[in-house]
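Asker:
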Amino acid sequence: MIKGQIAVTWTEADYKDLPWVTNEVHEEKFNATVDTNNYNVGVYMCFENLPTVFQDAVKEFNLKKVVVAVNKLTPGQILPYHTDKYQTYKTRNNITEQDEIVRIIVFLHDQKAGHQLWIKDNICVGPAGSYFGWGKGVEHMAANLGNDDRYILQVTGIK
Numbered sequence: 006m007i008k009g010q011i012a013v014t015w016t017e018a019d020y021k022d023l024p025w026v027t028n029e030v031h032e033e034k035f036n037a038t039v040d041t042n043n044y045n046v047g048v049y050m051c052f053e054n055l056p057t058v059f060q061d062a063v064k065e066f067n068l069k070k071v072v073v074a075v076n077k078l079t080p081g082q083i084l085p086y087h088t089d090k091y092q093t094y095k096t097r098n099n100i101t102e103q104d105e106i107v108r109i110i111v112f113l114h115d116q117k118a119g120h121q122l123w124i125k126d127n128i129c130v131g132p133a134g135s136y137f138g139w140g141k142g143v144e145h146m147a148a149n150l151g152n153d154d155r156y157i158l159q160v161t162g163i164k
């Protein structure tokens, strides 16, 4: 598991009111490893026209073909245990099977009650700027079981 801490150079104003989009069928984007019928599966995302502070913040990861997005989970939303497909990322960035894709999640605010990120059987906790990541095929999940929206920076790239 990848983990560490980066300097917090952003403010809540940089991420709170972004132009959010969502997928109609979230399960098309990942390989669920549990039955998703009883969950409120979903996430809001913003990939385009992000403040430059986010691109600058992830430079220290030294990844190639970096794509960043800000994700929001509202109370009750969950991305149950799954592995990522990276289909759009692979297509848009000419990624081959030999390329080592990594995904890194950066907490944009201090963790709040009910905000969860699990990588395999490890719960990830920390203040704003904490990051956690994994490689291809690693099972993980995220949930907002709290009362406040959960915001993270999602970084995808090649080692």
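Using this note's numbering, read the sequence shown as starting at 6 and increasing by one per residue.
No residue lacks a Cβ here, since even glycine has one placed at the ideal position from N, Cα and C.
1. Which residue's Cα is closest to the Cα of Lys-90: Thr-14, Val-107 and Ala-148?
2. Measure the alpha-carbon distance for Thr-57 versus Thr-27 and round it to whole angstroms.
3. Measure from the alpha carbon of Val-48 to the alpha carbon of each residue in Ala-147, Leu-78 and Asp-22, then state which is nearest.
4. Would you list the residues sitting across from Phe-66 in a DSSP beta bridge?
5. Which residue from Ala-62, Gly-151, Gly-81 and Pro-80 puts its Cα closest to that of Val-73?
6. Could you give the distance in angstroms between the alpha-carbon of Ile-11 and the alpha-carbon of Asp-154?
7. What is the residue span of the beta strand (DSSP E) that Gln-92 lies within?
8. Looking only at its own chain, which residues have a Cβ that is under 8 Å from the Cβ of Glu-114, when we skip the five neighbours before and after it?
9. Along the chain, where does the beta strand (DSSP E) that runs through Ile-157 open and close?
10. Quick check: what's the CA-CA separation for Ala-118 versus Tyr-94?
11. Can the beta-carbon of Gly-162 be found closer than 7 Å to that of Lys-70?
12. If you follow the beta strand (DSSP E) that Phe-137 is in, where does it begin and where does it stop?
13. Check the DSSP bridge columns for Phe-112 and list the partner residues they point to.
14. Pull up the distance between the alpha-carbon of Cys-51 and that of Lys-21, whole angstroms please.
15. Give me whichever residues DSSP pairs with Gln-121 in a beta bridge.
Answerer: Straight from the coordinates:
1. Numbered from 1 along the sequence shown, position 85 holds the residue referred to as residue 90. Minimum Cα distance to Lys-90 is reached at Val-107.
2. As a working note, residue 57 is residue 52 in the sequence shown. As a working note, residue 27 is residue 22 in the sequence shown. Approximately 22 Å, taken between the alpha carbons.
3. For the purposes of this step, residue 48 is identified with residue 43 of the sequence shown, where counting begins at 1. Val-48 has its Cα closest to that of Leu-78, out of Ala-147, Leu-78 and Asp-22.
4. Locating residue 66 in the sequence shown gives position 61, counting from the first residue. Answer by DSSP bridge pairing: none, since Phe-66 is not bridged.
5. The residue you call residue 73 lines up with position 68 of the sequence shown. Across the set Ala-62, Gly-151, Gly-81 and Pro-80, the C-alpha of Ala-62 shows the shortest separation from the C-alpha of Val-73.
6. Counting from 1 along the sequence shown, the entry for residue 11 is found at position 6. Counting from 1 along the sequence shown, the entry for residue 154 is found at position 149. Roughly 22 Å separates the two Cα atoms.
7. For the purposes of this step, residue 92 is identified with residue 87 of the sequence shown, where counting begins at 1. Boundaries for Gln-92: no beta strand (DSSP E) harbours it, while the alpha helix (DSSP H) harbouring it runs 92-97, taken from the DSSP string.
8. Translated into the one-based positions of the sequence shown, residue 114 becomes position 109. The sequence shown places His at residue 114, not Glu. Result list for His-114: Glu-17, Ala-133 and Tyr-156, in chain order.
9. To locate residue 157, count along the sequence shown from 1; it is residue 152. It spans 155-163 - the beta strand (DSSP E) in which Ile-157 sits, taken as one unbroken run.
10. Counting from one through the sequence shown, the residue named residue 118 turns up at place 113. Counting from one through the sequence shown, the residue named residue 94 turns up at place 89. CA-CA distance, Ala-118 to Tyr-94, rounds to 32 Å.
11. On the sequence shown, residue 162 is found 157 positions in, with the first residue counted as 1. On the sequence shown, residue 70 is found 65 positions in, with the first residue counted as 1. Taking 7 Å as the Cβ cut-off, Gly-162 and Lys-70 qualify as a contacting pair.
12. Here the question's residue 137 lines up with position 132 in the sequence shown. Unbroken beta strand (DSSP E) run through Phe-137: 135-140.
13. Here residue 112 corresponds to residue number 107 of the sequence shown, with the count starting at 1. Beta-bridge pairing links Phe-112 to Ile-157.
14. Here residue 51 is taken as the residue at index 46 of the sequence shown, counted from 1. Here residue 21 is taken as the residue at index 16 of the sequence shown, counted from 1. Each residue's alpha carbon lies about 11 Å from the other.
15. Position 116 of the sequence shown holds residue 121. Secondary-structure assignment with DSSP links Gln-121 through a beta bridge to Ala-148.
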